[in-house]
Amino acid sequence: MTPATERQDAARRRRPALPPALRIPTAAGAVVFAVAVVTTQIALHVTNRQADRQLELLGQVYLDGIASSVRGGLESGDLAYTTERLARAFIEQRGIAERGLFAFAADGRLIARHGDETLSEAEAAALPPNGWRLDDDKSTAWASRTVHGAEGEIGRVVAALDIGPILAARRRLAWMVVAVDLTLAGLCALLTWFVLYRLGQPLRVLVAQLSEGERRAPARVPDAVLARADPASAKVILAYNRMVEGMRERERLAAELADREQAAALGRLAATIAHEVRNPLGGLATTVSTLRRFGADPAVREESLDFLDRGIAALERTVTSTLDFYRPEEDRHLTRRDLEDMAVLLRPAAQRHGVALAIELDLPEGEVAPGASALRQVLLNLLLNACEATPPGGTVGLRVWREAEELLCEISDSGPGLDAAQATLLTGQDGAPPGRARGLGLGVVVGLLGSLDARASVTERPSGGTVIRLAAPLRARSAAAETPA
1 MTPATERQDA ARRRRPALPP ALRIPTAAGA VVFAVAVVTT QIALHVTNRQ ADRQLELLGQ
61 VYLDGIASSV RGGLESGDLA YTTERLARAF IEQRGIAERG LFAFAADGRL IARHGDETLS
121 EAEAAALPPN GWRLDDDKST AWASRTVHGA EGEIGRVVAA LDIGPILAAR RRLAWMVVAV
181 DLTLAGLCAL LTWFVLYRLG QPLRVLVAQL SEGERRAPAR VPDAVLARAD PASAKVILAY
241 NRMVEGMRER ERLAAELADR EQAAALGRLA ATIAHEVRNP LGGLATTVST LRRFGADPAV
301 REESLDFLDR GIAALERTVT STLDFYRPEE DRHLTRRDLE DMAVLLRPAA QRHGVALAIE
361 LDLPEGEVAP GASALRQVLL NLLLNACEAT PPGGTVGLRV WREAEELLCE ISDSGPGLDA
421 AQATLLTGQD GAPPGRARGL GLGVVVGLLG SLDARASVTE RPSGGTVIRL AAPLRARSAA
481 AETPA
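Written out as structure tokens, the structure reads:
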């Protein structure tokens, strides 16, 4: 399994169950539901606490009457009277039903009791003075009241009240409240989900459009969706639609510009071929003229035919390198004879412009440097440009020599000089990638220099004119790279 497949499987495993369009509405609905239930439960708990407090107050009020009724018996210690008063309290029950009544002396002795015999005397005696305790398991509320006489505390009365009906009613009410609460909370959650789902629909459409951008061109959000959007979402969608329209316009302009650049490139290519081929044709025409005039001389005829053969081969290499100099093929090495032929190629252009040629070759016989075709084309191009730039009566010079591991070539003229843009382009200081040709003449030179791993420098002479120095390695880059350090 590839790492990309593993990442996709991990992403699928981490993918949530809900789609993104439903996450926010569902989360908000769940929060609303939980908040409604929790707040209702808190309110129900507070209500129960208040109800317990009310029961305690009710028990104390009830014991007020009982304490008044048995006070005389407790003061006199009359057991029969106290028991009779407790029994009468059972007969006169209203609202609250007693399960049992206890009367204790001031020393804690049980004086009298009445009611349910299963009630624990110890549980009644353990209740603190004026205390209150709920026993939910037995549905009983215990209440205690201290009875005071003329001389202080004379005893205590304890009542066990039957609160079963009250607790049952409270439970029914609690279940009813819970049921209503759950129903209302569910309805509120559904309403919240629906409202957020409707409000988020425009943004979901926008997110879907952005997600589809990897597979197709961005598309505008429909106006029908925009009409249903809230003001804040509408602003975002309008901005997105403007961005899509801007991208479409840029793509259209880019396509139009690419078409124009393609047409311009084809025009430049045709012009370059014409420019690079037309100039050598002058030398060939001169050779043909020589043949017509001196063709009877075998030596002249042989030299002229040899030059014609080399000239046609040079034209073929010029066309091929112009069309495919981005990927230069292996070329033969430059020889001194190649450079001597340049005088013949340049002579028609020099005569036409009325300039003199000064060629100095400080080179041995045989192979000089790699890249004969490219070097000849570079030198021929620069020398022809120099002939055009030099005023009549001026001189165009070419000096070639070897120094260390480089072949050095100097092209000089007495013209007005290169402008700053042309000099920057030729020396490669304009940021153009090596080997990329721009323009008609100098662009081709820059591209060929890049293929040769050569460099150029431009110097303006104080007396007028320009000196262009080229430095090309004497070994090809591949051979230099294979040579151990």
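First residue of the sequence shown: 1, per full-length UniProt numbering; consecutive thereafter. Note that beta-carbon positions come from the ideal geometry of N, C-alpha and C, so glycine has one too.
Item: Cβ-Cβ distance between T335 and V368 below 8 Å; Value: yes
Item: Enclosing beta strand (DSSP E) for G149 [first to last residue]; Value: T140 to G149
Item: Residue interval of the beta strand (DSSP E) (run including residue 508); Value: Because the chain in this structure spans residues 1 to 485, residue 508 falls outside the shown range and cannot be described.
Item: Every unbroken alpha helix (DSSP H) within the region 442-475, with a cutoff of 4 residues, ordered by chain; Value: 442-452
Item: Any non-hydrogen atom of the ligand ADP within 7 Å of N48 CB; Value: Among the components of this structure there are no ligands whatsoever, and the ligand ADP is therefore not found.
Item: Pairwise C-alpha distance: F90 and G65; Value: 12 Å
Item: Contact the region 182-200 vs the region 34-46: 3+ CB pairs below 8 Å; Value: yes
Item: T26 to G200 span [Cα, whole Å]; Value: 12 Å
Item: Coil, strand or helix - L101 by DSSP; Value: strand
Item: Status (buried if at least 16 other CB within 10 Å, exposed otherwise) for G100; Value: buried
Item: Buried versus exposed, by CB contacts within 10 Å (16 or more), D413; Value: buried
Item: CB of A103 within 8 Å of CB of V70, strictly; Value: yes
Item: Terminal residues of the alpha helix (DSSP H) in which A404 lies; Value: Here A404 belongs to no alpha helix (DSSP H), and DSSP marks it neither H nor E.
Item: Backbone secondary structure at T395 - three-state DSSP; Value: strand
Item: Selected residue, minimal CA-CA separation from V177, among R475, A43 and V157; Value: A43
Item: Assigned secondary structure, G119 (DSSP; H/G/I helix, E/B strand, else coil); Value: Per the sequence shown, residue 119 should be read as Leu rather than Gly. Note: L119 maps to coil in three-state DSSP.
Item: Straight-line Cα distance separating A159 from V147; Value: 13 Å
Item: Same chain, Cβ closer than 6 Å to L284, neighbours up to 5 away in sequence not counted; Value: G311
Item: Member of L375, P416 and D362 whose CA lies at the smallest distance from the CA of E388; Value: P416
Item: Between the CA atoms of S233 and V207 - distance to the nearest angstrom; Value: 12 Å
Item: C-beta atoms of L134 and H114 nearer than 8 Å; Value: no
Item: Whole-angstrom distance between W401 and L363, CA atom to CA atom; Value: 6 Å
Item: Test item: CB-CB of A358 and T390 under 8 Å; Value: no
Item: Within 8 Å, strictly: CB atoms of V378 and V445; Value: yes
Item: Any alpha helix (DSSP H) of 4 or more consecutive residues that is wholly inside the region 199-263; Value: 223-228
Item: Pairwise C-alpha distance: R220 and E245; Value: 8 Å
Item: Distance CB(P370)-CB(H333) smaller than 8 Å; Value: yes
Item: Integer-rounded CB distance, given that A471 should sit under 8 Å from E406; Value: 5 Å
Item: Whole-angstrom distance between A350 and L474, CA atom to CA atom; Value: 30 Å
Item: DSSP three-state assignment for I163, whether helix, strand or coil; Value: coil
Item: Close Cβ partners of L452 (< 6 Å) along its chain, the five nearest in sequence each way excluded; Value: G371, A374 and A472
Item: Residues near residue 546 by beta carbon distance below 7 Å, same chain, minus five either side; Value: In the structure as shown, the chain starts at 1 and stops at 485, and residue 546 therefore has no counterpart that could be examined.
Item: Same chain only: Cβ atoms within 6 Å of R376, ignoring 5 sequence neighbours per side; Value: D338
Item: R113 in three-state terms, based on DSSP; Value: strand
Item: Per-residue DSSP class, three states only, for R332; Value: coil
Item: Beta-carbon spacing of D116, S139 below 8 Å; Value: no
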